[in-house]
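Participant: Numbering (our numbering), first residue to last: 8 to 120.
Every residue gets a Cβ at the ideal spot worked out from N, C-alpha and C, and that includes glycine.
Note that this is a predicted model, so its numbers are computed, not measured.
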DNA sequence: GGTGTGACAATGG
DNA sequence: GCCATTGCCACAC
């Protein structure tokens, strides 16, 4: 047996990978989905290490609570994140997701919490 | 094993 | 209502 998971990151990656194209979510939502709603900061860091995970993680679909592309700077380029989102049909302006509320996708379909 | 960090979030003034 | 600060949790060095 395997442990429950090699780390908190694995859960984050899994949740982010579940984000359908054209949709976005927040760090807090993912953090909550993985069981640590307070570890929202860790989620962002997980994204930074996402490239070390070996698997592709659509981190560009993850934005902060305000829908702002805070992590765009951590991509291959500051324009990559917005470009990817636009490419998926997400309207982005001023480094922020328009209709964020509309595009927001909850990793937890029905939380019991 | 301790310290620092980190792409947030919530609260206070 | 906006700006500033703290809290938080798990990982990397």
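Output needed for residue 43: all residues of its chain with C-beta closer than 8 Å, excluding positions within five of it in sequence on either side, in chain order.
Facilitator: Counting from one through the first chain, the residue named residue 43 turns up at place 36. These residues qualify, in order along the chain: 15, 49.
Participant: Hey, is the region 28-40 in contact with the region 90-101, meaning 3+ C-beta pairs nearer than 8 Å?
Facilitator: Touching, per the Cβ criterion.
Participant: Could you compute how far the alpha carbon of residue 22 sits from the alpha carbon of residue 96?
Facilitator: Here residue 22 refers to the residue found at position 15 when the first chain is read from its first residue. Here residue 96 refers to the residue found at position 89 when the first chain is read from its first residue. Spanning the two alpha carbons is a distance of roughly 20 Å.
Participant: Put residue 119 into one of helix, strand or coil per three-state DSSP.
Facilitator: Position 112 of the first chain holds residue 119. Low confidence applies to residue 119: its pLDDT is 44, below 50, so where it sits in the model is not reliable, and the reading given next is rough at best. In this structure, residue 119 counts as coil in the three-state DSSP scheme.
Participant: With DSSP as the reference, identify every bridge partner of residue 32, one or two as the case may be.
Facilitator: Along the first chain, one-based indexing puts residue 32 at 25. According to DSSP, which records beta bridges pairwise, residue 32 is partnered with 69.
Participant: Would you tell me roughly how many angstroms separate the C-alpha atoms of residue 40 and residue 25, rounded to the nearest one?
Facilitator: As a position in the first chain, residue 40 is number 33, starting the count at 1. As a position in the first chain, residue 25 is number 18, starting the count at 1. Each residue's alpha carbon lies about 11 Å from the other.
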